[in-house]
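Note sheet for the following structure.
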């Protein structure tokens, strides 16, 4: 008998176990049984040999009439040819280097033969077919029954490799299932009462149902049960993490009446939206707690997340602490610094001439600053003179210190690694500052609760009053060139009315090697913008993606001649990038041709048009982010998605989805359905394979919600899982040392 933690070599032998370990990273019985079939096939209806068509997957009942074995001429080895007949037609079965089959396949023997029909030298054949021979004494009726059962049997198809075929995996699974200890129930991670409440079969039954199903109902029951395994164990891990976080002490940062935040609110030239007020009150209560806040603030582009975060930072400053805003790029850090300073006005001039009574300072720290500016920022942060510090990865360096770090705000969390976020959090005196994570990429709630499992999620869904709508259209440049010509005419019309335009390209170009614009990848202390261009099989007839430097020149000399055209990309020095953005914001540039450096945070209310070249090269969320750069003032926005892809291509469906709605939460569902969600425990960072094999965060939302509720109650009643050791073991296997550390740091 074998158990789930038994090494495969003890059951399957060293040679097979080594192949499974090398090819598929399967080491134990449990690993193999959790290597679930990707799909199921049937051998097909019984087919007359006379009616076989090439390319068909068939099952035939026939009798062996002739067998020959010969050496191959052009390569080493032998070829076994078996001719079978059903009395009306003939078919050749071919086997390479399998002479041993001659012992079974003898003339006069009847059986079932299944495979894909091909043609060789005018003769129909099945190469390496599956077969099942009838006993010599089987009558016609028994043979027909066996034939029907053989043809209709569900065959699991596994993810395989060149070294380990799907049929070999099925064979190994069968051996393991036959030897599986009947006490598998003792290792079931799902508590019996939970299984009873949700009508779930036992673990042994589930493994049998998914690997050796009798019918589709078996598969459905098994998949539901095994999805519960994944969802429940994961949610137990997250519930335990939330419980631990809530038990940690932290210094409360209560709101102070008549101080900086009240002065800021009084000076606002507009009224907060209802959503901003509600979310602000929630965050304010979190900051006043004796436990660290761990909150995710998500919202659509332009919903006012930065304003909400700034009000939280001011509350912490009023309470004697400091707040840090960590941004992924220098352009965005500089933009945040400018916008926060502008919003605060005299309130950002603490200790300086003209500063308000309750003022503080806003420091900027990036890797490319000059020595004097850097020294001043470091001093303001360390002394506490700067209540708010905005920066990039430069904030993470060892010599950066704070007088009393009370709040860490992370913008676009997905752009930072675990170690980077952790390094900043540890700069607080007690290592437990409040943490607010912002993302401008909306995520469906159930997905967010799972991906950001130990964060409390709040969302801003209401856009501020006065925000203009953005119309989006697909421009099929290849099919209808006059549409692209009209697009450039429209750009000239907008500029003629005093407005400005973005043109975004997926690549920089120029003479420097530019595989995916490596210059846009992290370098040194700071990470420039990330183009994250998405190659598409249908994009651009094999040509390279359009590049900023080429498009800027072509537009300036062609359809946009006479307009003020400038380029912005990651290869520019930081001060050059900042200068270009300042000129664009000041209205000194009509058309800004850029990479996705403008994707997040860039705010130029006078920009009314966004033209995205090779739009099929970008993902749904990225297109939505880019579109959010226009329509930020009272001017109506226009976004044009230019593509060379044909109408029926999958990429065009993606673009049509973006054009059909401006609801970022709806688009995030489209995005996730197309590209899946990856692993919720940070596999990209740990390098291990995904913990989710069957569970899909979108399709299984209700199951995940139920598992989350069950897990919360279970952990509350038994925090150490002492009453159910199999669950504790499954949790340890799921997390491992690396994943446990990952959860500890997120």
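Residue numbers (this note's numbering): 121 to 866.
For every residue, glycine included, the Cβ atom is placed at its ideal position computed from N, Cα and C.
Whole-number beta carbon distance between residue 713 and residue 749, since they are thought to touch under 8 Å:
Contact doesn't hold; Cβ gap of about 13 Å is too wide.
For residue 388, count neighbouring Cβ atoms within 10 angstroms of its own Cβ and tell me buried if that reaches 16, exposed if not.
exposed
Which one of 783, 368, 793 and 487 has the shortest CA to CA distance from residue 770?
793
Does the Cβ-Cβ distance between residue 706 and residue 724 come in under 7 Å?
no
Quick check on DSSP: helix, strand or coil for residue 625?
Residue 625: coil per DSSP, three-state reduction.
N-terminal and C-terminal residue of the alpha helix (DSSP H) that residue 694 is part of
Unbroken alpha helix (DSSP H) run through residue 694: 694-705.
Under the three-state reduction of DSSP, which class applies to residue 370: helix, strand or coil?
Coil at residue 370, not helix or strand.
Roughly how many angstroms lie between the CA atoms of residue 363 and residue 398, to the nearest whole one?
25 Å
Close beta carbons around residue 639, own chain, < 6 Å, minus the five adjacent residues each side
In this prediction, residue 639 scores a pLDDT of 34, lower than 50, which makes its location untrustworthy; no coordinate-derived value is stated.
Terminal residues of the continuous alpha helix (DSSP H) containing residue 770?
770-780
With 16 as the cutoff for other CB atoms within 10 Å, does residue 648 come out buried or exposed?
Residue confidence is low: residue 648 scores 34 on pLDDT, short of 50, so the model does not pin down where it sits. Its coordinate-derived value is still stated next. Looking at its Cβ environment, which holds 16 or more other Cβ atoms inside 10 Å, residue 648 is buried.
Measure from the alpha carbon of residue 522 to the alpha carbon of each residue in 500, 529 and 543, then state which is nearest.
500
Inspect the CB distances between the stretch 834-852 and the stretch 338-345 and report whether three or more fall short of 8 Å.
Short answer: they don't touch.
Would you kindly work out how many angstroms separate the C-alpha atoms of residue 503 and residue 426, rounded to a whole number?
About 25 Å.
Does the beta-carbon distance from residue 751 to residue 607 come in below 7 Å?
Contact flag unset, no.
Quick check on the DSSP output: the alpha helix (DSSP H) that includes residue 576 runs from which residue to which?
Taken as a continuous stretch (DSSP letters only), residue 576 belongs to no alpha helix (DSSP H), being part of the beta strand (DSSP E) at 576-580.
From residue 730 to residue 584, what does the alpha carbon distance come to, in whole angstroms?
21 Å
By the DSSP assignment, the alpha helix (DSSP H) with residue 677 in it spans what residues?
668-677
Can at least three beta-carbon pairs, one atom from the stretch 356-375 and one from the stretch 400-410, be found at a separation below 8 Å?
yes
Whole-angstrom distance between residue 758 and residue 594, CA atom to CA atom:
11 Å
Return helix, strand or coil for residue 315, following the three-state DSSP convention.
Residue state, collapsed to three classes: helix.
If you run the structure through DSSP and keep just helix, strand and coil, what is residue 714?
In this structure, residue 714 counts as strand in the three-state DSSP scheme.
Taking C-beta to C-beta, are residue 475 and residue 431 nearer than 7 Å?
no
Please work out which residues of its chain come closer than 6 Å, Cβ to Cβ, to residue 186, disregarding the five sequence neighbours upstream and downstream, and give them in chain order.
203
Mapping DSSP to helix, strand and coil, what is residue 116?
A query on residue 116 cannot be resolved here, the shown segment of the chain reaching from 121 to 866 and no further.
Let's test the definition: count the other Cβ atoms within 10 Å of the Cβ of residue 355 and tell me whether it reaches 16, buried, or not, exposed.
Looking at its Cβ environment, which holds 16 or more other Cβ atoms inside 10 Å, residue 355 is buried.
Among residues of its own chain, excluding the 5 on either side of residue 174, which ones have a beta-carbon nearer than 6 Å to its beta-carbon?
237 and 239
Using 8 Å as the cut-off, can you tell me whether the stretch 616-629 makes contact with the stretch 663-672, which would need three or more C-beta pairs spanning the two stretches below that distance?
yes
Buried or exposed: which applies to residue 390, given that a residue is buried once 16 or more other Cβ atoms fall within 10 Å of its Cβ?
exposed
Beta strand (DSSP E) segments (min. 3 residues) lying fully within the stretch 427-455
442-446
Taking C-alpha atoms, which residue in 624, 815 and 708 lies nearest to residue 744?
624
Looking only at its own chain, which residues have a Cβ that is under 8 Å from the Cβ of residue 740, when we skip the five neighbours before and after it?
Spatial neighbours of residue 740 in its own chain (CB-CB distance under 8 Å, excluding positions within 5 residues in sequence) are listed in chain order as 774, 777, 778, 787, 788, 790, 791 and 794.
To the nearest whole angstrom, what separates the beta carbons of residue 479 and residue 467, a pair I think is in contact under 8 Å?
Confirmed, about 5 Å.
Output the distance between the C-alpha atoms of residue 155 and residue 544, rounded to the nearest integer angstrom.
39 Å
Between which residues of its own chain and residue 301 is the CB-CB distance below 7 Å, once the five residues before and five after are set aside?
121, 122 and 123
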